[in-house]
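Input: a single structure, listed below in structure tokens.
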Amino acid sequence: MDEGAPPRRIRWGMVGGGRGAFIGEVHRRAARLDDGYELLAGALSSDPERARLSAQDCRIAPERAHADYAAMARAEAARPDGIEAVSIVTPNHRHHAVAKAFLEQGIHVICDKPLATSLADARDLVALARARNLLLGVTYNYSGYPMVRHARDLVRGGAIGRVRMVQAEFVLGWLSTALEAEGAKQAEWRTDPAQAGPSGVVGDVGTHAFHLAQFVTGLELEAVSADIATFVPGRRLEDNATMMLRWRGGARGAIWASMVAAGETVGLRLRVYGETGHIAWDQSYPDDLQVRPLNGEAHVLARGGKLSPAAKAATRLVAGLPEGFFEAFANLYRDYASIITALREGTPPPEPIAPTGEDGVAGLAFVEAVLNSARRDGAWVRPT
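Using full-length UniProt numbering, the letters of the sequence shown map in sequence onto residues 1 to 384.
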């Protein structure tokens, strides 16, 4: 490669995310934003005709369009120009099997969260990725926002003193009625234990709030006490959860996750209180970070000002032009591209900022502890 020339695009594939799938298009747009990936192969649907048409939409050559992910993994591994990485955007219950099939073929994996539907399966994937020296990314995408990365540097750098309390919530109202009974596909699989796994709202959005809290503070969960509820009659998984957390080192906190907070759209919020002040971030205003010291005036830091190197690296537009959901996802893809490129060239990969398999394991351990606590009427449970 010529000195100073950009690295070759990563040869890339996708499983799931065919026609009509929201999250598949999000991943594709994010990967294209920095021109670091080239989509060459896919198993975009288990239905052969839909897989063919979806691949056609994505300009994937017919011979590299598959309806079976295992056949795709084998075929791509056998090609001299086969894909180097694959993104998995299927319903939760398929994540483990699909990821394992590609990791076993020596292909890097970027998996939508959760990494699996069980803690044992998540750990299995992490062990396999380590053994093969492969990237295993998990797209907790809210960690890609510039001001979230700036908050991380502030909190971990001691700007608010030792952390005492962490409050996070991710609340939506879209499942306040039984949409799953009306044929809404996204609602159907998210409320079906066979596809979503043993948890509903905690696994779906509670893990986002949990990861955000850990990402910013660096704290590790010690124990959780949880109360979960299913408010919509006939629903098979919980749609509301309130969780009290004890963090290692003495900090305390709480997470509220809900899909039945009527009137809410995407209410993701984080507040971290330390000995000398606090920070607050609201995903509805992603370019702003509130900082309030104990003895001083509150102020709002805006993206584009004097930010940490991590925040600057995650910023594309000048101040005043808003960045958002796609850009945050794209920051994860850019982070993963730098790791994949380093591994390809045999150089030490950079320390990952974007979430990896270990974060996926932490999320599943959190879900398991929450469900165990709820079954024991809110008893304090330590993650295993």
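We treat Cβ as the ideally placed atom computed from N, Cα and C, and that holds for glycine.
Pick from the options that is closest to residue i, judged by C-alpha positions
i           : options            : result
residue 309 : 11, 8, 154         : 154
residue 161 : 272, 120, 239, 333 : 272
residue 108 : 101, 136, 344      : 136
residue 383 : 176, 59, 181, 224  : 224
residue 75  : 194, 42, 54        : 42
residue 168 : 6, 51, 283, 24     : 283
residue 389 : 72, 119, 80        : Residue 389 cannot be examined here, being either before or after the span of the chain that is shown, 1 to 384.
residue 350 : 358, 307, 339      : 339
residue 375 : 347, 359, 267, 241 : 241
residue 233 : 80, 176, 133, 330  : 176
residue 395 : 346, 276, 344, 48  : Since the displayed the chain opens at 1 and closes at 384, residue 395 lies outside it and no answer follows.
residue 247 : 267, 368, 140, 166 : 166
residue 133 : 369, 359, 379, 348 : 348
residue 291 : 159, 337, 56, 20   : 159
residue 327 : 23, 21, 30         : 30
For residue i, the three-state DSSP class (helix, strand or coil)
i           : result
residue 341 : helix
residue 142 : helix
residue 295 : coil
residue 54  : helix
residue 133 : coil
residue 95  : helix
residue 60  : coil
residue 378 : coil
residue 11  : strand
residue 217 : helix
residue 333 : helix
residue 188 : helix
residue 152 : helix
residue 41  : strand
residue 301 : strand
residue 85  : strand
residue 22  : helix
residue 272 : strand
Expected contact under 8 angstroms - CB spacing of residue i and residue j to nearest Å
i           : j           : result
residue 116 : residue 364 : 6 angstroms
residue 171 : residue 65  : Between residue 65 and residue 171 the Cβ distance is about 39 angstroms, and since that is not below 8 angstroms, they are no contact.
residue 78  : residue 101 : Between residue 101 and residue 78 the Cβ distance is about 14 angstroms, and since that is not below 8 angstroms, they are no contact.
residue 96  : residue 128 : With 8 angstroms as the limit, residue 96 and residue 128 do not qualify as a contact, their Cβ atoms being about 10 angstroms apart.
residue 37  : residue 10  : 5 angstroms
residue 150 : residue 307 : 5 angstroms
residue 335 : residue 352 : 6 angstroms
Contact under 8 angstroms by Cβ, residue i with residue j
i           : j           : result
residue 147 : residue 252 : no
residue 201 : residue 239 : yes
residue 314 : residue 144 : yes
residue 88  : residue 112 : yes
residue 221 : residue 230 : no
residue 373 : residue 361 : no
residue 114 : residue 206 : no
Inter-residue Cα distance where the pair is residue i and residue j
i           : j           : result
residue 366 : residue 320 : 37 angstroms
residue 180 : residue 190 : 9 angstroms
residue 14  : residue 62  : 14 angstroms
residue 157 : residue 297 : 20 angstroms
residue 434 : residue 213 : Not covered by the structure: residue 434. The range shown for the chain is 1 to 384.
residue 16  : residue 90  : 5 angstroms
residue 121 : residue 342 : 27 angstroms
residue 1   : residue 45  : Only weak support exists for where residue 1 lies, its pLDDT of 48 falling under 50; the value from the coordinates is given anyway. Distance between the alpha carbons of residue 1 and residue 45 is about 36 angstroms.
residue 215 : residue 209 : 10 angstroms
residue 312 : residue 218 : 20 angstroms
residue 25  : residue 197 : 23 angstroms
residue 287 : residue 194 : 38 angstroms
residue 322 : residue 86  : 29 angstroms
Residue i Cβ short of 7 angstroms to the ligand FMN heavy atom set
i           : result
residue 192 : Annotation note on the ligand FMN: not contained in the displayed structure, which lists no ligands.
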